[in-house]
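Below is one structure, written out as structure tokens, with a few remarks after it.
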């Protein structure tokens, strides 16, 4: 279990970012990416306990939720500064790489979905600590 | 620009006042007073144009799609009210600076006060019904925070709530009335509405419009039987009472009556309802005022009396009555603001407002006493003060009122007799006579405390001696606006020996007699009974209504939010079945052949797997088998999505299934394995709900197939996705670009749900302090809820 988690978690996280970034052109997107990332931390919690998973997250799920929504709102308001409409897409193109406010918006969705997934899983798990072992990373 | 400054500068001051006030020292009131003073100046600059018969209109698009504009309209009526609001506002700002000097929340106070002033100015200047309504509600909100300013005291909180609930209820009625008005006339624009009086009076919505508007006006302006909130609102700091109850808040209802007078008056309904309620309010409250000894309570009831008089005059609707009403608006603002400020100055000086315990203050605070005397004489309608002018035309209007001259005149005299006696109580008791141990401690009030009353006293004398100054400048234009036809009024102090003068003499004589017998009167049993019924009685009635509302709320919360998740689910599902089946029945989707394309073998297999998984849940008893069975169903559906070219959907479904398994395991492991068994009746009900839900959802999907398959949206997105959305994945571009507002809303809900779950799980670990909210005990179902039954003694780990 732990061996699998050790291998899978980084891969899943990488995959989630991949899903997030390719989402605009291929299947994927912030929501799916966020779910994958959330599940990867859940897997880590199953293997090592929630305390370790929380430590690996380095922040609280609540903060992720808030920051995610904040980013989404900022990306929504950003076009207003340039006199555009709310949520209008702004794009910067540079050497074939396109960056735009919808991508930023998707990043917000991604973080928020991770946060919501984990806040529920952590809280539920900590109500029933007998399910997962609670061991430190040592 | 002018009107924008008038309305919005107050809101700007409200924004900066909390930060600015700590640096202003003792001069806060004088400094902030400059704003209303300059607003008064701007408004005064329009006087010439309005007097010449012109109007000013300024409009800014706000919600153009709904024809809601931020538009302002200045005519005689709105100018009169706006000048009062900003003019009296100037004095109140100065006064509040003195009254609340050193208060640790002075900045907050000025924030609320300027917000209130701005809302009032927006209200009287609004030219759009929706704008009008929004400012109307803003005044209710601002008065709520002002009345509840001393929020650490329970009576203040109750009074603030009461004022809010009563005026908001009226505000909602007003909104509905406005919408009906728009439906009847096709416009939200007030200045355009004013032209369509005949249309409205003939319209079938006329009765509801009048009743709804009156509900708004009567609650706001404290008419019978809603006036109980106004005396309670005396819990507010005195500057607030002086402002709200002289020139502003309570006058908003009067403004509604006056504003829509040209289009709604002129019918018997209007005349008898508005006139009757006004007359009843006036007479009752004038005599109720004599039952109190607290200066502010007395003033509160005389305020209600004045509002009743104004309402009655607007109900009569004759030229003389309207002119009397408008003059009395000014008169009342001058004397009432002055008297409130005086009451506050007395309170400030000796910490006592009971007239039976005060005496001899005239020597201690001579300027205040003189100002109070003038204001009270104006209130009593004694010549040569301004109040006399107003009372004479009010009497004239009463005597000219054709259908019931004697009744109206009689009620007016009755109310004014009490007012004369009240005026005596308010000045003779506190300021004359010998000093006592309470009043000996009095000190000379600061300049800010007597400045306002003195200015208002000068106005009361000046306009009493030269009332014709108002004829052309303010009264003519405003009376024309209320009547809908141009009039040229002529005010005078001396009209010769008229019947009105005779009534005035009678009033004063009877008033003096009442004053002299006051001590016996207000302690007599009938009068105390009168107060118990119509004073505190109405207040208790309000409590009963609120208690009743809360009881209904508790009852329906227990019915719908009983805490049993299965019942919520059943309610939602049964409602869905009912609505969808109803729609099917209505639109006739039942029956008829349905074209189904070729079904491949793996589609059959996946469908059967999905169905089998669902059916399996009926037979498995072990939790882990149940979860697995559900998972089979979910993953099969995800695979089906994949085969039909919806990879995004399929991926999401896979992930959600995975998460669901984790969550269900987490929840179920916390529950004891005791399964319990359902009664046969429960099984039948559950089965019916399940089968019904499946049937309507299947029906819905099939019904979609029966519709002609045109897909303009799909084409649109397919074309625009790359060009405008800069992406090739249509699903995702829709999510984050084309329909990003929806997504924003959804993730906000998600965040709220996340915090909600967090809070619920956290709450579950602590003993519930509010046991009343628990589900009713009779719900002893065999299956206990997962969260409730999880072992509470296991302490969760804290978030690091």
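Residue numbers (our numbering), protein chains in the order written: chain S, 1 to 138; chain H, 139 to 938.
C-beta atoms are modelled at their ideal positions from N, C-alpha and C, and glycine is treated no differently.
Residue i to residue j span [Cα, whole Å]
| i | j | result |
| --- | --- | --- |
| residue 124 of chain S | residue 393 of chain H | 58 Å |
| residue 245 of chain H | residue 363 of chain H | 36 Å |
| residue 885 of chain H | residue 248 of chain H | 38 Å |
| residue 360 of chain H | residue 218 of chain H | 21 Å |
| residue 542 of chain H | residue 410 of chain H | 11 Å |
| residue 939 of chain H | residue 64 of chain S | What is shown of chain H runs 139 to 938, which leaves residue 939 of chain H out entirely. |
| residue 661 of chain H | residue 429 of chain H | 8 Å |
| residue 519 of chain H | residue 464 of chain H | 16 Å |
| residue 802 of chain H | residue 765 of chain H | 7 Å |
| residue 157 of chain H | residue 243 of chain H | 11 Å |
| residue 226 of chain H | residue 505 of chain H | 19 Å |
| residue 548 of chain H | residue 380 of chain H | 30 Å |
| residue 8 of chain S | residue 881 of chain H | 30 Å |
| residue 133 of chain S | residue 794 of chain H | Low confidence applies to residue 133 of chain S: its pLDDT is 49, below 50, so where it sits in the model is not reliable, and the reading given next is rough at best. Each residue's Cα considered, the two are about 24 Å apart. |
| residue 753 of chain H | residue 799 of chain H | 18 Å |
| residue 700 of chain H | residue 791 of chain H | 31 Å |
| residue 853 of chain H | residue 29 of chain S | 22 Å |
| residue 183 of chain H | residue 611 of chain H | 12 Å |
| residue 309 of chain H | residue 572 of chain H | 48 Å |
Terminal residues of the alpha helix (DSSP H) in which residue i lies
| i | result |
| --- | --- |
| residue 820 of chain H | 818–844 |
| residue 205 of chain H | No alpha helix (DSSP H) contains residue 205 of chain H, which DSSP labels as neither H nor E. |
| residue 743 of chain H | 739–757 |
| residue 565 of chain H | 543–569 |
| residue 457 of chain H | 457–488 |
| residue 126 of chain S | 101–127 |
| residue 2 of chain S | 2–22 |
| residue 677 of chain H | 675–698 |
| residue 34 of chain S | 30–48 |
| residue 503 of chain H | No alpha helix (DSSP H) contains residue 503 of chain H, which DSSP labels as neither H nor E. |
| residue 669 of chain H | 663–669 |
| residue 781 of chain H | 761–781 |
Residue j beta carbon less than 8 Å from that of residue i
| i | j | result |
| --- | --- | --- |
| residue 49 of chain S | residue 110 of chain S | no |
| residue 396 of chain H | residue 576 of chain H | no |
| residue 450 of chain H | residue 417 of chain H | yes |
| residue 436 of chain H | residue 511 of chain H | no |
| residue 469 of chain H | residue 391 of chain H | no |
| residue 19 of chain S | residue 41 of chain S | no |
Min CB distance residue i to chain H below 8 Å
| i | result |
| --- | --- |
| residue 65 of chain S | yes |
| residue 139 of chain S | The requested residue 139 of chain S does not occur in the structure, where chain S is confined to residues 1 to 138. |
| residue 117 of chain S | yes |
| residue 9 of chain S | no |
| residue 17 of chain S | no |
| residue 102 of chain S | yes |
| residue 56 of chain S | no |
| residue 74 of chain S | no |
| residue 41 of chain S | no |
| residue 114 of chain S | no |
| residue 35 of chain S | yes |
| residue 13 of chain S | no |
| residue 124 of chain S | yes |
Contact with chain S by residue i, beta-carbon distance below 8 Å
| i | result |
| --- | --- |
| residue 892 of chain H | yes |
| residue 874 of chain H | yes |
| residue 910 of chain H | With a pLDDT of 43 at residue 910 of chain H, under the threshold of 50, the modelled position of that residue is not reliable, and the figure given next carries that caveat. Chain S, which has no Cβ nearer than 8 Å to the Cβ of residue 910 of chain H, makes this no. |
| residue 353 of chain H | no |
| residue 288 of chain H | no |
| residue 885 of chain H | yes |
| residue 789 of chain H | yes |
| residue 868 of chain H | no |
| residue 528 of chain H | no |
| residue 805 of chain H | yes |
Contact test: residue i Cβ vs the ligand FMN heavy atom, cutoff 7 Å
| i | result |
| --- | --- |
| residue 377 of chain H | Looking for the ligand FMN in the displayed structure turns up nothing, as the structure carries no ligands at all. |
Inside the region 311–384 of chain H only - alpha helix (DSSP H) runs reaching at least 4 residues: Here the runs fully enclosed are 328–331, 335–340, 344–358, 367–370 and 376–382.
Unbroken stretches of the beta strand (DSSP E), 3 residues or longer, contained in the region 157–236 of chain H: The region 157–236 of chain H contains these whole beta strand (DSSP E) runs: 194–201 and 206–212.
Unbroken alpha helix (DSSP H) runs of length 4 or more, entirely within the region 382–439 of chain H: which are they? Given a length threshold of 4 residues, each whole run of the alpha helix (DSSP H) inside the region 382–439 of chain H is given here in chain order: 387–397, 399–402 and 406–427.
Which whole runs of the alpha helix (DSSP H) in the region 609–657 of chain H are 4 residues long or more, in chain order? For the region 609–657 of chain H, whole alpha helix (DSSP H) runs of length 4 or above, ordered along the chain, are 614–621 and 637–654.
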